[in-house]
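Read the structure below first, then the notes.
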Ligand code: SF4
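Numbering (the numbering used here), first residue to last: 852 to 1278.
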């Protein structure tokens, strides 16, 4: 979501005559930051602090802080770092270009979201993207679920679906601009349309988006209780909707799920995963899981471990529980020491690594059609793409392959990625 918001902000600024520059030459640095975990927030503080020597020597550059971290930190950033000239919450993105121009005059600009239902959108699609071939489209803003550990409803406001025509128009604009793979975004995409109250929901939008002619379509994230057979059916019917699903479980213990206000039980989650796999036998299933939630006993934790073994996810984004100020969980009794959270996190990761590796090595010899979308960030000069099931594939090849679909044969596997060789260039 932050990549998408940054891409659209970049597009809007370029249209208004701004010029993108390297950090050393820039007059204004714009950060879009995340506040979901404490660690991300600390990173923002330290990134902002890096400008002290430059500021002391030359009174430049100005720095702007945007995204949900700006909403969460508020205008106290101004007093700590005088080079910060703008703070803007995510629901003020539409006022950002004009706000940045005011900030360039030296003014301190505050665009924080005061009304969680208000939204100033930016009327731009992400034309100046970080990645030429992959694009994102937000379909809904905010969240009304109020999971007790989560800061999102507090910093991104109430749930608000974008009108379908607006979403589809943006999908078309991206296709026209050379995008081959689009990911529809929302904190909970499955709730899409609940606020329209006219029966048009995510299944309908997904089908229409698939029929725009986009080569590949993905979506994140799905709340388990709202993932329906109707959505699974669209995924099964439409060949360009990737068989890949992120279904966050967060805990395997019913007691902890209740404390988290997740509104499903372990058994209900298992049933959703089974249903999704029955519609999509080749499904890539990923999840999110928190270790060390307040009051989590070793027994509760073992329920999370057994859920991993039982479901056998392709990928799990694990995290040690991190207190977010103002959330109900931060005030719950039974906070666990950091070492216990980390030790549980390590056990989860070890178990999941083994599961992912054992799944991935069964894929050696299989062929996948992948979009080569760039060079591998962790390198050795390799290119990178993803299978429809959302597994990272590293491959050797020249940069001319970037932006093309190729068929690769998987030659080796690790727990987090596959290695493949090109057997056919498609276009
Ligand atoms: S559904 Fe997701 S975004 Fe919404 S409160 Fe829960 S964890 Fe946060």
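All C-beta atoms, glycine included, are put in the ideal place defined by N, C-alpha and C.
Burial state of residue 810, where buried means 16 or more other Cβ atoms lie within 10 Å: Nothing can be reported for residue 810: it is not among the residues displayed for the chain, which extend from 852 to 1278.
Under a Cβ-count criterion, where at least 16 other Cβ atoms within 10 Å of its own Cβ denotes burial, should residue 1111 be classed as buried or exposed? For the purposes of this step, residue 1111 is taken as the residue at position 260 of the chain shown. Looking at its Cβ environment, which holds 16 or more other Cβ atoms inside 10 Å, residue 1111 is buried.
Between which two residues does the beta strand (DSSP E) harbouring residue 1070 extend? Here the question's residue 1070 lines up with position 219 in the chain shown. Segment 1067–1071, the beta strand (DSSP E) holding residue 1070.
Any heavy atom of ligand 1 within a distance shorter than 7 Å of the CB on residue 1018? Residue mapping note: residue 1018 aligns to position 167 of the chain shown, counting from 1. Incorrect: residue 1018 has no Cβ contact closer than 7 Å to ligand 1.
Beta-bridge partners of residue 886, as assigned by DSSP: Against the chain shown, residue 886 aligns to sequence position 35. The partner list for residue 886 (beta bridge, DSSP) is empty, contrary to what the question assumes.
Check whether the stretch 1063–1076 and the stretch 1034–1054 are in contact - that is, three or more C-beta pairs closer than 8 Å. yes
Using only the heavy atoms of ligand 1, determine whether one of them is closer than 7 Å to the beta carbon of residue 997. Sequence index remark: in the chain shown, residue 997 carries index 146 (1-based). Yes.
Assumed close pair residue 863, residue 948 - CB separation to whole angstroms, cut-off 8 Å: Along the chain shown, read from residue 1 onward, the residue named residue 863 stands at position 12. Along the chain shown, read from residue 1 onward, the residue named residue 948 stands at position 97. Confirmed, about 5 Å.
Would you give the residue range spanned by the alpha helix (DSSP H) that residue 1341 belongs to? Lying outside 852 to 1278, the shown extent of the chain, residue 1341 is not represented and no answer is given.
Helix, strand or coil at residue 1141 according to DSSP, with G and I counted as helix: Residue mapping note: residue 1141 aligns to position 290 of the chain shown, counting from 1. Here residue 1141 sits in strand by DSSP.
Looking at the structure shown, is residue 971 part of a helix, part of a strand, or coil, going by DSSP? To locate residue 971, count along the chain shown from 1; it is residue 120. Three-state result, residue 971: coil.
Cβ of residue 1003 within 7 Å of any heavy atom in ligand 1? The count along the chain shown starts at 1 and reaches residue 1003 at position 152. It does: the Cβ of residue 1003 is within 7 Å (strictly closer) of some heavy atom of ligand 1.
With a Cβ-Cβ cutoff of 8 Å, do residue 1236 and residue 1215 count as a contact? Taking the first residue of the chain shown as 1, we reach residue 1236 at position 385. Taking the first residue of the chain shown as 1, we reach residue 1215 at position 364. No, Cβ-Cβ distance for residue 1236 and residue 1215 is not below 8 Å.
Under the three-state DSSP convention, the category residue 1089 falls into: Within the chain shown, numbered from 1, the residue matching residue 1089 stands at position 238. Here residue 1089 sits in coil by DSSP.
Identify every run of the beta strand (DSSP E) within the stretch 1154–1227, keeping only runs that are complete inside it and at least 3 residues long; order them along the chain. 1166–1171 and 1218–1226
At a cut of 8 Å, does the stretch 1105–1121 reach the stretch 1165–1175 through at least three beta carbon pairs? no
What are the start and end residues of the beta strand (DSSP E) that includes residue 982? Counted from its first residue, the chain shown places residue 982 at position 131. First-last for residue 982: undefined, no H or E at that position.
Is residue 1108 near ligand 1, with its Cβ less than 7 Å from a heavy atom? Here residue 1108 refers to the residue found at position 257 of the chain shown. Outside the cutoff, so no.
Which listed residue (1220, 1253, 1181 and 1266) has its alpha carbon closest to that of residue 1208: Taking the chain shown and counting its residues from 1, the one referred to as residue 1208 is at position 357. Here the closest residue by C-alpha is 1266.
Can you tell me the Cα-Cα spacing of residue 1270 and residue 1253, whole angstroms? Within the chain shown, numbered from 1, the residue matching residue 1270 stands at position 419. Within the chain shown, numbered from 1, the residue matching residue 1253 stands at position 402. Going by the C-alpha atoms only, they are around 16 Å apart.
Name the DSSP bridge partner or partners of residue 957? Numbered from 1 along the chain shown, position 106 holds the residue referred to as residue 957. Answer is none; residue 957 lacks a bridge partner.
According to DSSP, is residue 879 part of a helix, a strand, or is it coil? As a first step, residue 879 must be located in the chain shown, where it is residue number 28. Strand.
Candidates 880, 987 and 1275: which alpha carbon is nearest residue 911's? As a working mapping, residue 911 is identified with position 60 in the chain shown. That would be 880, whose Cα lies nearest to the Cα of residue 911.
Selected residue, minimal CA-CA separation from residue 971, among 897, 1008 and 994: Residue mapping note: residue 971 aligns to position 120 of the chain shown, counting from 1. Out of 897, 1008 and 994, 1008 has the C-alpha closest to the C-alpha of residue 971.
Alpha helix (DSSP H) containing residue 1049: first to last residue? If you number the chain shown from 1, residue 1049 lands on position 198. Looking at the DSSP string, residue 1049 is not in any alpha helix (DSSP H), and its letter there is neither H nor E.
Quick check: is any heavy atom of ligand 1 less than 7 Å from the C-beta of residue 1268? Position 417 of the chain shown, counted from the first residue, corresponds to residue 1268. Residue 1268: no, Cβ never under 7 Å from ligand 1.
Can you check whether the CB of residue 984 is closer than 8 Å to the CB of residue 977? To locate residue 977, count along the chain shown from 1; it is residue 126. To locate residue 984, count along the chain shown from 1; it is residue 133. No; because the gap between Cβ atoms is not below 8 Å, this pair is not in contact.
Within the present structure, is the beta-carbon of residue 1038 separated from the nearest heavy atom of ligand 1 by less than 7 Å? Within the chain shown, numbered from 1, the residue matching residue 1038 stands at position 187. Correct: residue 1038 has its Cβ closer than 7 Å to ligand 1.
Please determine if the stretch 1074–1091 and the stretch 1050–1060 are in contact, where contact requires at least 3 C-beta pairs separated by less than 8 Å. yes
So, do the stretch 1168–1178 and the stretch 885–895 have three or more beta carbon pairs nearer to each other than 8 Å? yes
Going by C-alpha distance, which of 898, 918, 1186 and 995 is nearest residue 858? Working through the chain shown from its first residue, we reach residue 858 at position 7. Residue 918 is the option with its Cα nearest to residue 858.
Where does residue 1104 sit, in a helix, a strand or coil, going by DSSP? What you label residue 1104 is simply residue 253 of the chain shown in a count that begins at 1. In this structure, residue 1104 counts as coil in the three-state DSSP scheme.
Segment contact, 8 Å Cβ cut-off, at least three pairs: the stretch 1002–1021 with the stretch 960–968: yes
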